[in-house]
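Taking our numbering, I'd label the letters of the sequence shown as residues 896 to 1107. Note that CB positions come from ideal geometry on N, CA and C, so glycine has one too. Nothing here was measured: the structure is a model prediction, and the numbers come from that model.
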Amino acid sequence: MKSSDKRLIKSLQTREKILETSTELFFKHGFTEVSTDLIATKANVSKGSIFHHFKSKEELGLAVLKKTMIQYHEIIPVLEQEMDPKSIIQLLIQETMSVSSSQPGFIKMLMWFLIRIDEEEDKDEEFYIKIKNTFLDVLLPYSETLERLISKLGQDHARMKSIMLMGMMDGISIYLSYIERLTRIDPKLMDYFEEIDLLPDLIMELFFKKKD
C-alpha cells in the first residue's frame, strides 16, 4: 500500500473517530455544553486535528446531525421489507420518543441549529447555506418517506398528514427532552407523566382511525 493511501485511510479513521466521539458527547450533554477541547481529549486526537477536518465546532455539529439522520433514514427501506407501513410509522414514533428521552442533547442540538437558520442569514451567508442545506437534506427525505408510508395505507392528503405528524413528533420530542429535568426538580411530576408510554398508540389512533 502506498504511503499516500495509508495517510488517507488514517485521516478518514481520525475523522470518523471525531464524529463518533462528538456524537456521544453532544447527545449526552448538549451541543453548547461540549467544548472542542473535551472532544479532542475523549477522542485522543489533537485539537488541531478537529479543525483540520471541520472548519468550526458548528460545522462538526452539522456533520453529526446529518450522519445521524441519514443512518435513521437508511433503516426504513430495510423495515419496509419486513413490516407493514402502519407498524413502521408506529415504530418511528416510538424511536423518536426513545431518543428524546434517552438523548435529550440531540433534540436540543436540533433546535439550536434551527434557530441559527434565521440568525445566520444576514451574518454568515456561507454558514447559513450549510445549515439550510443540511436540514433540507435530512428533513425532506424523512417527510417524503412518511408521505409514502401514509399513502400506502390508502390515506387522503398524505403529504399534509406527514407534515402534521412530523410537527407533532417535533413538539413531543422537545417536551420529552425536558421531562427528566422537570421531574428532578419536582418528583411529584412523575405522576403527571406516568402514561407517557401511551403516546405512540394515541397518535396512531388519532391519525389512522379504524373504519367502522
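Scanning Tyr967, Val929, Asp1019, Phe922 for the CA closest to the CA of Asp1032 turns up Tyr967.
Cβ contact annotation for Ser1046 (same chain, cutoff 7 Å, sequence separation greater than five): Ala1053, in chain order. Fewer than three Cβ pairs drawn from the stretch 1072-1085 and the stretch 963-978 lie within less than 8 Å of each other, which leaves the two stretches out of contact. Looking only at Glu990, Phe949, Met1004, the smallest Cα-Cα distance to Lys923 is reached by Met1004. Note that the C-beta distance between Thr909 and Ile934 is not below 7 Å. With fewer than three CB-CB distances shorter than 8 Å, the stretch 1048-1063 does not count as touching the stretch 1018-1033. Pro1095 counts as buried, since at least 16 other C-beta atoms from the protein chains shown sit within 10 angstroms of its C-beta. Residue nearest to Ser1068 within the set Lys901, Ser993, Phe949 is Ser993 (criterion: CA-CA distance). Taking the Cβ atoms as the reference, Phe1103 lies roughly 6 Å from Lys981, within the contact range of under 8 Å. Counting along the chain, Met978 sits inside no alpha helix (DSSP H), nor does DSSP assign it H or E at all. Within its own chain, the residues whose Cβ lies closer than 7 Å to the Cβ of Ile988, once the five positions on either side in sequence are excluded, are Met1064, Pro1095, Ile1098, listed in chain order. Around the CB of Glu1042, 16 or more other CB atoms lie within 10 Å, so the residue is classed as buried. Every alpha helix (DSSP H) of 4 residues or more that sits fully in the stretch 922-998 is shown, in chain order, as 931-938, 942-948, 952-975, 980-997. Taking a C-beta distance under 7 Å as the contact criterion, Ile913 and Ala938 qualify as a contact pair. Judged by their CB atoms, Ile1026 and Phe1008 are nearer to each other than the 7 Å cut-off.
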